[in-house]
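See below for the structure under consideration.
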Amino acid sequence: MPKDNELDKHEASKSSSWQSAVDDWSADKQSFDMPWGKLMMWIFLLSDTFIFSVFLIGYMNVRMSATVAWPNPSEVFALTIAGHHIPLVLIAIMTFILITSSGTMAMAVNYAYQGNKQKTVYLMAATALLGASFVGMQAFEWTKLIVEEGIRPWDNPMGANQFGAAFFMITGFHGLHVSAGVIYISVIARRVHQGKYQKKGYQIVEVTGLYWHFVDLVWVFIFAFFYLW
Amino acid sequence: MSKQNTETAHTELADKTQHPISMYLKVWLLLFVLSTFSYMVDYYQFQGALRWTLILVFMFLKAGLIIMVFMHLAWERAAVKLLLFVPPLAILVFIVLMASEAEYVFINRVISFFNP
């Protein structure tokens, strides 16, 4: 049946092009072909993108307009470990931890769709633990900066006063997202373990994963713009 | 590149939600390497335009991998991609506006605080 084959080919090429968007919007059906929970998560993440962007733009604005030199993050976040002075080392470790947690979450989603309940729960638990350790390191970092270095939102001994406000605002809001994510993942992992999604399907794991990857994504931008720039 | 494309198309046809675990491990490894590179930018103290370029390149590569593979956006329909990528264009406009505003504030601070 050559004609059917042609049609299939046509369909396949359509699904990955602009035409598919036109079809989705003009057809007499819902525009986004996904469960509403997933769509709502995407829309929430889109709005969260704007919130974090506004914070980072505010940081850019105060850093560009400051007449006093901006503190060098490479030095501010350096640690001395076993006699070695290593710049930014804690932040690098936190970055690796968050990426690892994103990897375990992605695999949890994969196993969830395979219906492998046990592996899903283990990987989600690993993700939550890694997230919690990230928050722990951030608490350590904040304590060090506040108690030892004397950094406050209104001034600091290293340079431009705006540094503290931008730092606590941006990393604080991100840390809040990580903390919320740890709770969210723990709750969902527990419910997966209890078998609450056996009948409903495991879409919820993917939705949870979207949130967690977004938290990792935001960290990529914070790492680049706040710590490295 | 074309090999990757055919692979993507193949998995899409096979099943939208099923990918081998090895794919995630590879992307994970790649993210590790890219993070190490961006850390090296600071460790070896590259400065100026080279530093900013490297930071942005590694940042966008990492962000792209996370969004496209981990968040599975590569396998979503164009309608979803448009939903997610068109509104943030407003952010780019905002960045330009705020950057020029910051320049203005900076110049005025220099003029009024340092030139009596």
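In the order they appear, the protein sequences are chains D and U.
Following the numbering used here, the numbering of the first sequence begins with 537 at its first residue and continues without gaps.
Following the numbering used here, the numbering of the second sequence begins with 10 at its first residue and continues without gaps.
Glycine included, every Cβ here is placed at the ideal spot set by N, Cα and C.
### Message
On the DSSP letters alone, give me the boundaries of the alpha helix (DSSP H) that Leu7 of chain U sits inside.
### Response
The structure shown has nothing for residue 7 of chain U, since chain U only spans 10 to 125.
### Task
To the nearest angstrom, report how far apart Trp61 of chain U and Gln54 of chain U are at their CA atoms.
So the alpha carbons of these two residues sit roughly 11 angstroms apart.
### Query
Does the distance from the C-beta atom of Ser722 of chain D to that of Ala664 of chain D stay below 8 angstroms?
yes
### Task
Output the distance between the C-alpha atoms of Asn597 of chain D and Val119 of chain U, rounded to the nearest integer angstrom.
If I take the Cα positions, the gap works out to 16 angstroms.
### Task
Taking C-beta pairs closer than 9 angstroms, name the residues in chain D that Leu98 of chain U reaches, listed in chain order.
Near Leu98 of chain U there are no residues of chain D at all, since even the closest Cβ is about 11 angstroms away, more than 9 angstroms.
### Query
Apart from the five residues just before and just after Ser567 of chain D, which ones in its own chain have a Cβ nearer than 8 angstroms to its Cβ?
Asp560 and Trp561
### Query
Can a CB atom of chain U be found closer than 8 angstroms to the CB of Phe568 of chain D?
Between Phe568 of chain D and chain U, the shortest Cβ-Cβ separation is below 8 angstroms.
### Query
Relative to the C-alpha of Tyr747 of chain D, which residue among D:Gly737, D:Ser638 and D:Ala557 is closest?
D:Ser638
### Query
For the beta strand (DSSP E) that His621 of chain D lies in, which residues bound it at each end?
His620 to Ile622
#### Entry: Extent of the continuous alpha helix (DSSP H) to which Leu91 of chain U belongs
Ala87 to Phe94
#### Entry: Where Thr663 of chain D falls: helix, strand or coil (DSSP)
helix
### Task
Out of D:Phe632, D:Leu582, D:Met576 and D:Asn646, point me to the one whose CA is closest to Ser31 of chain U's CA.
D:Asn646
#### Entry: Ser589 of chain D at chain U interface by Cβ criterion, 8 angstroms
yes
### Message
Pop quiz: Val625 of chain D and Ile635 of chain D are said to be a contact at Cβ under 8 angstroms. What is the actual Cβ separation, rounded to whole angstroms?
### Response
That belief does not hold up - the Cβ atoms of Val625 of chain D and Ile635 of chain D are roughly 16 angstroms apart, past 8 angstroms.
### Query
Rounded to the nearest angstrom, how far is the Cβ of Glu742 of chain D from that of Lys574 of chain D, given a contact under 8 angstroms?
7 angstroms
### Task
Quick one: residues in its chain with C-beta nearer than 8 angstroms to the C-beta of Leu511 of chain D, no 5 flanking neighbours on either side, listed in chain order?
Outside the displayed range of chain D (537 to 765) lies residue 511 of chain D, so it cannot be described from this structure.
### Task
Going by DSSP, name the residue or residues bridged to Thr616 of chain D.
D:His621
### Query
Which residue's Cα is closest to the Cα of Phe613 of chain D: D:Phe676, D:Leu666 and D:Val657?
D:Phe676
### Query
Beta-carbon of Ile593 of chain D versus every beta-carbon of chain U: anything under 8 angstroms?
Ile593 of chain D counts as touching chain U.
#### Entry: Cα-Cα separation between Ile116 of chain U and Trp606 of chain D, rounded to whole angstroms
17 angstroms
### Message
Would Leu74 of chain U and Leu101 of chain U qualify as a contact pair, given that the criterion is a beta-carbon distance under 8 angstroms?
### Response
no
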